[in-house]
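Undergrad: Residue 2 is where the sequence shown starts when you use our numbering, and the numbers rise one by one after that. A single structure is presented below for examination.
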Amino acid sequence: MIRSSKNIAIIGSGLVGSLLAIYLKKLGHSITVFDRRPDIRNIEFSGRSINLAMSNRGWKALRAVDLEDEIKKIAIPLDKRAMHIIGEEQYYQKYGKEGEAIWSISRGVLNKRMIDLAEKAGVNFQFEEKVWDINLPEAKIYTGETEKSAWKEYQYDMVFGCDGAFSRVRHKMQRRSRFDYSQNFIDVGYKELSIPPNPDGTHKLDKHSFHIWPRGKFMLIAMPNLDGSFTCTLFMPFEGEVSFGNIKTKKEASSFFKTHFPNVSKEIENLTDDFFKNPTSAMVTMKCYPWTYWDKVALVGDSAHAIVPFYGQGMNAGFEDIFELNRIIKKHGDDWETIFQEYQKERKPNVDAIAELSYRNFIEMSSKTADTRFLLQKKIEKHFAAKYPHKWIPAYSRVTFSDRSYSEALALGDAQEKIMQQVMQIPDIVQKWDSIEVEQRILSLLEQDPLLRTTVTGI
Numbered sequence: 002m003i004r005s006s007k008n009i010a011i012i013g014s015g016l017v018g019s020l021l022a023i024y025l026k027k028l029g030h031s032i033t034v035f036d037r038r039p040d041i042r043n044i045e046f047s048g049r050s051i052n053l054a055m056s057n058r059g060w061k062a063l064r065a066v067d068l069e070d071e072i073k074k075i076a077i078p079l080d081k082r083a084m085h086i087i088g089e090e091q092y093y094q095k096y097g098k099e100g101e102a103i104w105s106i107s108r109g110v111l112n113k114r115m116i117d118l119a120e121k122a123g124v125n126f127q128f129e130e131k132v133w134d135i136n137l138p139e140a141k142i143y144t145g146e147t148e149k150s151a152w153k154e155y156q157y158d159m160v161f162g163c164d165g166a167f168s169r170v171r172h173k174m175q176r177r178s179r180f181d182y183s184q185n186f187i188d189v190g191y192k193e194l195s196i197p198p199n200p201d202g203t204h205k206l207d208k209h210s211f212h213i214w215p216r217g218k219f220m221l222i223a224m225p226n227l228d229g230s231f232t233c234t235l236f237m238p239f240e241g242e243v244s245f246g247n248i249k250t251k252k253e254a255s256s257f258f259k260t261h262f263p264n265v266s267k268e269i270e271n272l273t274d275d276f277f278k279n280p281t282s283a284m285v286t287m288k289c290y291p292w293t294y295w296d297k298v299a300l301v302g303d304s305a306h307a308i309v310p311f312y313g314q315g316m317n318a319g320f321e322d323i324f325e326l327n328r329i330i331k332k333h334g335d336d337w338e339t340i341f342q343e344y345q346k347e348r349k350p351n352v353d354a355i356a357e358l359s360y361r362n363f364i365e366m367s368s369k370t371a372d373t374r375f376l377l378q379k380k381i382e383k384h385f386a387a388k389y390p391h392k393w394i395p396a397y398s399r400v401t402f403s404d405r406s407y408s409e410a411l412a413l414g415d416a417q418e419k420i421m422q423q424v425m426q427i428p429d430i431v432q433k434w435d436s437i438e439v440e441q442r443i444l445s446l447l448e449q450d451p452l453l454r455t456t457v458t459g460i
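As structure tokens, this is what we get:
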């Protein structure tokens with residue numbers, strides 16, 4: 002089907018906006034990306050980030066435009082969690098099967114590379130130009146110095162909002178009748194910290210692990226960078242006995258780190274400096290619908306579905322939006338109204354599912370990973386999955402090492418959890434966890450569940 006070239010504006014030069022620009026440029030469209038911020042390639046990028054965990058969905062989207070190999074040059078594979086529990090030896094939890102890994106990438110480094118690649122493809126970027134308003138029916142955008150200054154008008158055939166959880170494009174769409182919108186902040190914030198490299202440039206912790214210090218209502222994570230450093234993120238309540246609000250001095254911060262994270266005590270000074278230098282940021286789940294307006298405007302990524310970061314899927318979900326949108330464009334050619342309708346109807350249930358899974362994983366990472374019964378349950382699941390790989394695929398593997406739908410992962414994961422709750426009630430389960438009795442019980446319960454009864458393949 003012949004496609005006419007469109008003049009398209011993308012609002013937001015972040016990861017999703019940059020990748021969408023590359024995809025649309027490859028389809029023959031003229032692309033201009035607007036961003037209110039300066040070009041991040043010219044500024045230091047730190048203090049407000051969580052390292053990204055690229056997994057199957059993200060790699061698939063990059064592979065489709067021949068960028069996978071290029072981006073892997075700036076990423077480090079992590080095949081396991083490294084658990085740091087007070088009073089115990091550090092231990093490891095493998096993520097998946099042999100060869101399966103998530104990849105740690107600095108958000109700033111990746112964003113800079115994506116903008117370079119988009120420019121190389123012929124995309125035009127206009128930085129420090131803030132979009133204040135948008136005429137939805139006519140795909141016109143208005144930019145200016147301030148909300149009350151003179152504005153410049155731009156006319157486009159289409160506008161894509163990739164401007165994040167507090168999207169200006171979505172804000173305009175929200176004013177229309179029958180637009181559903183909700184946002185939910187969790188009472189936990191995050192702060193970026195860092196662990197510098199050894200003097201010889203090597204990593205101070207295992208470089209192929211995702212490091213977690215679970216402490217119940219708060220936790221610290223660390224992910225490696227290519228320069229030998231680790232980007233750490235402290236997740237903690239805003240208020241309460243142990244909270245960001247309750248640490249006001251360097252002495253209190255130093256005591257906090259020494260008490261709760263003794264095995265990084267050598268980094269106390271650096272962590273304490275970062276604690277007061279870097280901002281405390283909030284985390285929000287944002288849902289809305291519809292994502293599109295006629296054949297003129299569409300939301301992609303966080304502007305349509307911001308989620309909390311605890312499954313490492315925010316970027317991956319946004320990249321998958323683009324991959325699926327591209328598939329639908331190729332299916333329907335120039336019929337953009339049909340393209341937009343199909344795109345939002347297919348993606349909405351899936352991003353709602355990953356929003357739910359992400360919130361649940363916060364509970365798991367912060368408290369359950371240090372709980373003995375939870376760890377036993379996971380051990381039973383892993384043992385059974387190793388013996389029956391086509392009958393039991395863990396929810397984490399479905400999300401992270403598969404490109405099957407998020408909604409399927411949620412539904413099948415819930416069904417598996419119901420089975421495991423029954424298995425954990427077996428008398429003396431601690432002693433007989435790897436017995437034939439337990440194995441047969443799981444097989445029997447699988448046969449009774451219509452959702453799980455059939456052989457699971459295609460992951």
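Heads up, the beta-carbon is just placed ideally off N, CA and C, and yes, glycines get one too.
State whether the stretch 117-133 contacts the stretch 241-258, with contact taken as three or more CB pairs (one from each stretch) at a distance under 8 Å.
TA: The stretch 117-133, when compared against the stretch 241-258, does not touch it at the 8 Å Cβ threshold.
Undergrad: Looking only at C-alpha atoms, which of 416, 345, 417, 308 sits nearest to residue 363?
TA: That would be 308, whose Cα lies nearest to the Cα of residue 363.
Undergrad: With a CB to CB cut of under 6 Å and the five nearest residues on each side skipped, what residues in its chain are close to residue 123?
TA: Hits under 6 Å: 26.
Undergrad: Can you confirm whether the stretch 9-18 touches the stretch 158-173 when touching is taken to mean that 3 or more C-beta pairs between the two stretches lie within less than 8 Å?
TA: Yes, they touch.
Undergrad: Name the DSSP beta bridge partners of residue 84, please?
TA: Residue 84 pairs with 92, 213.
Undergrad: Exposed or buried, which one is residue 52 when buried takes at least 16 other CB atoms within 10 Å?
TA: Buried, since its Cβ has 16 or more Cβ neighbours within 10 Å.
Undergrad: Helix, strand or coil: which one does DSSP assign to residue 284?
TA: In this structure, residue 284 counts as coil in the three-state DSSP scheme.
Undergrad: What does the Cβ neighbour count give for residue 1, buried or exposed, with the cut at 16 atoms within 10 Å?
TA: Because the chain spans 2 through 460 in this model, residue 1 falls outside it and cannot be assessed.
Undergrad: Quick check on residue 458: does DSSP put it in helix, strand or coil?
TA: Residue placement at residue 458 is flagged as unreliable, the pLDDT there being 46, under the threshold of 50; the coordinate-derived value follows with that caveat. If DSSP states are grouped into helix, strand and coil, residue 458 belongs with coil.
Undergrad: Rounded to a whole number of angstroms, what is the C-alpha to C-alpha distance between residue 59 and residue 72?
TA: Computed Cα separation, rounded: 11 Å.
Undergrad: Could you check where the beta strand (DSSP E) with residue 517 kicks off and where it finishes?
TA: In the structure displayed, the chain extends from 2 to 460; residue 517 sits before or after that span and is not available.
Undergrad: Would you decide whether residue 87 is buried or exposed? Buried here means 16 or more other CB atoms lie within 10 Å of its CB.
TA: Under this definition residue 87 is an exposed residue.
Undergrad: Can you give me the C-alpha to C-alpha distance between residue 242 and residue 261, rounded to a whole angstrom?
TA: Their backbone Cα atoms lie some 14 Å apart in a straight line.
Undergrad: Do three or more CB pairs link the stretch 290-304 to the stretch 258-276 at distances below 8 Å?
TA: Touching, no, given that fewer than three Cβ pairs across the two stretches are closer than 8 Å.
Undergrad: By how many angstroms is the C-alpha of residue 171 removed from the C-alpha of residue 183?
TA: Near 12 Å, if we compare the C-alpha coordinates of residue 171 and residue 183.
Undergrad: What span of residues does the alpha helix (DSSP H) with residue 314 cover, start to end?
TA: That residue, residue 314, is in no alpha helix (DSSP H); it is neither H nor E in DSSP.
Undergrad: Go to residue 299, then tell me how far its beta strand (DSSP E) extends in each direction, as first and last residue.
TA: It spans 298-300 - the beta strand (DSSP E) in which residue 299 sits, taken as one unbroken run.
Undergrad: Can you give me the start and stop residues for the alpha helix (DSSP H) that residue 407 sits inside?
TA: Here the alpha helix (DSSP H) through residue 407 covers 407-424.
Undergrad: Check for me: the alpha helix (DSSP H) holding residue 19 runs from which residue to which?
TA: Unbroken alpha helix (DSSP H) run through residue 19: 16-27.
Undergrad: Starting from residue 270, trace the alpha helix (DSSP H) in both directions and tell me its first and last residue.
TA: Run containing residue 270: 269-278, per the alpha helix (DSSP H) assignment.
Undergrad: If I measure Cβ to Cβ from residue 24 and keep anything under 7 Å in the same chain, skipping five residues before and after, which residues do I get?
TA: Once the five neighbours on either side are set aside, the close Cβ partners of residue 24 are 66, 323, 327.
Undergrad: Taking residue 62 as part of the alpha helix (DSSP H), name the residues at either end of that continuous run.
TA: Residue 62 -> alpha helix (DSSP H) spans 57-64.
Undergrad: Between the beta-carbon of residue 334 and the beta-carbon of residue 4, is there less than 8 Å?
TA: A contact, by the Cβ cut-off of 8 Å.
Undergrad: I need the straight-line Cα distance from residue 75 to residue 54, nearest angstrom please.
TA: Between residue 75 and residue 54, the C-alpha separation is close to 12 Å.
Undergrad: Can you tell me where the beta strand (DSSP E) holding residue 230 begins and where it ends?
TA: Taken as a continuous stretch (DSSP letters only), residue 230 belongs to no beta strand (DSSP E), as it is neither H nor E.
Undergrad: Am I right that residue 284 and residue 190 are in contact with their C-beta atoms under 8 Å? What's the rounded C-beta distance?
TA: Yes, residue 284 and residue 190 are in contact; Cβ-Cβ is about 7 Å, under 8 Å.
Undergrad: On a Cα-Cα basis, can you pick out the residue from 257, 99, 56 that is closest to residue 401?
TA: When each option's Cα is compared against that of residue 401, the closest is 56.
Undergrad: Three or more C-beta pairs closer than 8 Å, one from the stretch 389-396 and one from the stretch 209-217: is that the case here?
TA: Judged by Cβ distances under 8 Å, the stretch 389-396 makes no contact with the stretch 209-217, as fewer than three pairs qualify.
Undergrad: With a threshold of 16 other CB atoms inside 10 Å of the CB of residue 147, please say whether the residue is buried or exposed.
TA: When all chains shown are included, residue 147 counts as exposed.
Undergrad: Where does residue 139 land, buried or exposed, given buried means 16+ other C-beta within 10 angstroms?
TA: Residue 139 is exposed by the Cβ-count criterion.
Undergrad: According to DSSP, is residue 74 part of a helix, a strand, or is it coil?
TA: Coil at residue 74, not helix or strand.
Undergrad: Need the endpoints of the alpha helix (DSSP H) that residue 260 sits in, please.
TA: From DSSP, the alpha helix (DSSP H) with residue 260 extends over 251-261.
Undergrad: For residue 389, does the three-state DSSP call read helix, strand or coil?
TA: Looking at residue 389 - three-state DSSP - the assignment turns out to be coil, as it is neither helix nor strand.
Undergrad: Taking C-beta to C-beta, are residue 22 and residue 321 nearer than 8 Å?
TA: Cβ atoms of residue 22 and residue 321: not closer than 8 Å.
Undergrad: Alpha carbon to alpha carbon, how far is residue 359 from residue 450? Give it in angstroms, no decimals.
TA: Each residue's Cα considered, the two are about 25 Å apart.
Undergrad: Buried or exposed for residue 14, going by 16 or more other Cβ atoms inside 10 Å?
TA: Classification for residue 14: buried.
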